[in-house]
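Position one of the sequence shown corresponds to residue 1 (full-length UniProt numbering), numbered consecutively onward.
Here a beta-carbon is modelled for each residue, glycine too, at the ideal position from N, C-alpha and C.
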Amino acid sequence: MLAELSIKNFAIIESLSLSFDKGLTVLTGETGAGKSIIIDAIHLLIGGRGSSEFVRFGAEKAEIEGLFLLDDDRHPCCQKCADIGVDVSDGMVVLRRDILASGKSICRINGKLVTTAVLRDIGSTLVDIHGQHEHQELMDPLV
């Protein structure tokens, strides 16, 4: 479960910290309020394609960090973290991604440097992102 999210210098966001409780979390708001930017940040946090375009104008880097709480030691994330030498025995996983103005990404899991591919692999066990109109793909014979 995503418990905390911190975003700095990402798109139009200078600094944002969010805490989440257990259960369903819904982001609502008027058009242009920044809902999609938060989802974009989470997508990057779990290994999505990064770009220097995400770095806020005038900043050196964008920073995204998420604290995930694992409900038990059988969570798929636990074995994947163990495979790369990251200890999650305390039930906490901290993903961090910095995107430099040059476009380079720096990824960490519990402080350990990892590749974007590893971040994506582990992030995929922690977050599912579903978007508006995604259900329409059910009717697409090419999917």
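The Cβ atoms of phenylalanine 68 and leucine 16 lie no closer than 8 Å to each other. For leucine 119, the uninterrupted alpha helix (DSSP H) run begins and ends at 116-123, by DSSP. Between the beta-carbon of lysine 35 and that of methionine 1 there is about 20 Å, and that puts the pair past the 8 Å contact cut.
For alanine 62, DSSP records a beta bridge to Ile99. A distance below 8 Å separates the beta carbons of aspartate 87 and asparagine 110. Collapsing the DSSP output to three states places lysine 35 in a helix. When secondary structure is reduced to three states using DSSP, leucine 44 falls in the helix class. Of the residues Leu44, Leu27, Ile38 and Ser6, the one whose Cα lies closest to the Cα of isoleucine 106 is Leu44. Take valine 118, set aside five residues on each side of it, and the residues of its chain with a beta-carbon closer than 7 Å to its own are Ile84, in chain order.
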